[in-house]
Amino acid sequence: MNHQELDNLQTALNNALNSLRVAMDGSMLPPLSSQYGVDMHPLDGLDEPTPVGVYEARRAALACVAELKNLLQHPFEKAADSTFAMYDVATLQVFVEHGIVDRMAKEPSGVSVKTLQSELNLDSHKLTTILRHLSTCGWIRETQDGIFAMNRSSRVLLQGQRGRALISVPGNMRIAEALPQWLTHPDSRFSQSPDHTAFQLANNTTKPFFEWVKEDRNYLGRFAACVEALGEYVTPGILSDYPWETCLESTVVDCGGGKGSLAISLANKFPALRLVVQERGEMVELAEANIKARLDTNSVPGRVVAEAHDLFSSQPRTGDNYTFMLRHVLHNWPEAQAVSILEKLAAAAGPKSKILIIERISGHYPDTRAQLEHKPANTTDTIASASLITEQAILNSSSRMPQALALHLLCILNCHERTLDQWRTIISRAGLVVTGLYKLRAYVSIMECRVSHT
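The numbering used here numbers the first residue of the sequence shown as 4 and each following residue consecutively.
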């Protein structure tokens with residue numbers, strides 16, 4: 004009997020795991036452990052990029068696991084998983100907001116639900132069901148009946164960790180619940196406006212998201228921390244997989260640069276770079292404080308500065324002395340506004356200026372050297388897949404997190420993910436041309452652009 008799909012997946016998974024072992028040994032990385040490893044593994048950090056071979060092999064192995072689950076799981080179970088998926092979020096919020104994860108960190112061998120009831124004033128019977136759900140999700144482990152301990156994954160939820168910032172933004176389930184109503188609402192059914200979103204239905208407001216959050220400082224702080232965490236997750240790939248040495252003769256302008264986290268990381272890794280963080284007026288003070296706190300103390304004063312600027316106003320920094328950078332900015336806007344933002348940069352850029360668009364590119368795009376309009380030598384080669392599984396399967400499995408993020412941004416801002424062709428249309432309309440495409444060890448890529456002279 005021919006079990007071709009099962010056999011192919013088994014072969015692909017074995018190949019990927021073998022490649023992972025070789026790559027980890029070559030990088031002198033210790034073995035992985037999940038349930039019984041309570042310390043962070045070097046691969047869990049967000050400050051250094053994953054070694055190339057490890058990145059590709061792990062990506063391929065996870066794709067195989069996802070495809071195996073799709074092949075083997077009963078469809079009714081799959082429907083049940085999705086139906087009750089909201090409890091994945093709810094139990095994590097209980098775990099974090101009620102201090103359970105922080106309490107477990109003090110007792111690595113495990114803590115009983117009776118102890119948690121006594122110390123945190125929470126019902127042990129309810130906690131048992133909640134914690135067992137988290138255990139099946141791989142966040143913790145039940146060492147004995149009613150005794151639960153942290154594992155490696157749950158460390159990302161501790162106070163000060165970036166995973167905690169993601170789970171700490173309130174109201175996301177309410178927004179998701181409004182999605183079906185939003186799709187058929189008479190005011191928003193075919194609207195592309197940020198004034199007509201699921202977020203507004205969920206919060207019973209007519210204000211666009213960014214106007215609404217200004218009035219809730221607690222929500223704004225949590226949302227800003229979440230955005231910063233998502234940005235820092237892709238930062239190691241940005242720093243390592245683009246030739247920043249080609250920008251040393253110019254000043255890099257981080258347009259819409261938030262609190263300046265990416266600019267600070269660039270300055271700390273490349274001491275010869277000069278950077279400007281441009282943001283809305285109310286953000287400049289936060290950016291300046293962040294620069295003061297996190298910039299290398301040996302840096303020359305003034306190497307990273309923050310200034311107020313509106314993306315839709317004329318760019319004050321003009322000429323070949325500037326490289327303009329937009330990370331996670333254009334995806335917030337419909338096509339017309341995205342074109343307008345880029346037009347302002349095209350008008351300010353000199354013939355040698357580069358405009359770097361750092362965004363997720365959905366769908367397929369070239370696997371090796373991208374043959375673009377100009378200077379294909381500027382593009383990078385990607386590493387061949389570590390297994391026999393198709394690139395489409397790898398894309399599907401590795402895009403769940405960014406795809407969920409794209410769906411959330413659609414619901415709060417009415418913005419859309421874009422394919423390479425769609426990005427190139429916007430870039431072309433703004434009078435720019437793509438001169439390089441850089442795949443990163445991250446879910447985003449860098450589209451390097453210049454002013455078109457045709």
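The C-beta atom is built at its ideal place from N, Cα and C for all residues, glycine as well.
Fair warning: this is a prediction, and the values are worked out from it, not measured in the lab.
For residue i: DSSP bridge partner residues
i	result
residue 322	352
residue 442	448
residue 311	282
residue 10	Its beta-bridge partners do not exist; DSSP assigns none.
residue 362	448
residue 50	None, per the DSSP bridge assignment.
residue 330	361
residue 435	454
residue 258	281
residue 85	According to DSSP, which records beta bridges pairwise, residue 85 is partnered with nothing at all.
residue 115	150
Sub-7 Å separation of residue i and residue j beta-carbons
i	j	result
residue 265	residue 276	no
residue 161	residue 94	no
residue 99	residue 143	no
residue 237	residue 176	no
residue 284	residue 322	no
residue 348	residue 315	no
residue 332	residue 309	no
residue 64	residue 20	yes
residue 240	residue 61	no
residue 446	residue 363	yes
residue 434	residue 455	yes
residue 45	residue 32	yes
residue 66	residue 344	no
residue 113	residue 146	yes
residue 329	residue 229	no
residue 141	residue 116	no
residue 260	residue 291	no
residue 303	residue 294	no
residue 429	residue 359	no
residue 232	residue 205	no
C-alpha gap between residue i and residue j, whole angstroms
i	j	result
residue 127	residue 227	34 Å
residue 377	residue 168	With a pLDDT of 36 at residue 377, under the threshold of 50, the modelled position of that residue is not reliable, and the figure given next carries that caveat. Approximately 41 Å between the Cα atoms of the pair.
residue 208	residue 415	12 Å
residue 234	residue 409	14 Å
residue 370	residue 54	With a pLDDT of 45 at residue 370, under the threshold of 50, the modelled position of that residue is not reliable, and the figure given next carries that caveat. Approximately 19 Å between the Cα atoms of the pair.
residue 199	residue 217	18 Å
residue 219	residue 174	13 Å
residue 247	residue 273	8 Å
residue 69	residue 12	10 Å
residue 319	residue 159	41 Å
residue 425	residue 156	37 Å
residue 152	residue 139	13 Å
residue 420	residue 334	7 Å
residue 251	residue 5	58 Å
residue 255	residue 325	6 Å
residue 23	residue 342	42 Å
residue 287	residue 134	42 Å
residue 123	residue 301	45 Å
residue 28	residue 36	15 Å
residue 164	residue 210	31 Å
residue 104	residue 225	19 Å
residue 7	residue 411	37 Å
residue 299	residue 253	20 Å
residue 356	residue 278	14 Å
residue 459	residue 129	In the structure as shown, the chain starts at 4 and stops at 457, and residue 459 therefore has no counterpart that could be examined.
residue 47	residue 166	11 Å
residue 196	residue 222	23 Å
residue 427	residue 451	11 Å
residue 386	residue 18	Summary for residue 386: the model assigns pLDDT 38, below 50, so the residue's position carries little reliability, and this model does not support an answer.
residue 87	residue 413	22 Å
residue 379	residue 366	Legend: pLDDT at residue 379 = 34, less than 50; position of this residue unreliable, value from coordinates given subsequently. Each residue's Cα considered, the two are about 21 Å apart.
residue 74	residue 9	8 Å
residue 215	residue 202	10 Å
Residue span of the beta strand (DSSP E) that contains residue i, given as start and end
i	result
residue 100	First-last for residue 100: 89 to 100, but that is the alpha helix (DSSP H), not the beta strand (DSSP E).
Range of the contiguous alpha helix (DSSP H) that encloses residue i
i	result
residue 56	55 to 75
residue 201	201 to 206
residue 427	423 to 432
residue 105	103 to 108
residue 181	Run containing residue 181: none; DSSP gives neither H nor E here.
residue 195	First-last for residue 195: undefined, no H or E at that position.
residue 299	Residue 299 -> no alpha helix (DSSP H), and no H or E assigned at all.
residue 418	Segment: none, residue 418 is in no alpha helix (DSSP H) and carries neither H nor E.
residue 275	Premise fails: residue 275 is in no alpha helix (DSSP H) and is neither H nor E.
Proximity test, residue i beta-carbon vs the ligand GDP heavy atom, cut-off 6 Å
i	result
residue 335	Annotation note on the ligand GDP: not contained in the displayed structure, which lists no ligands.
Give the list of continuous beta strand (DSSP E) stretches no shorter than 3 residues that lie fully inside the region 120 to 179. 143 to 147 and 150 to 153
If we require 4 or more residues per run, which alpha helix (DSSP H) segments fall completely within the region 213 to 254? 220 to 243
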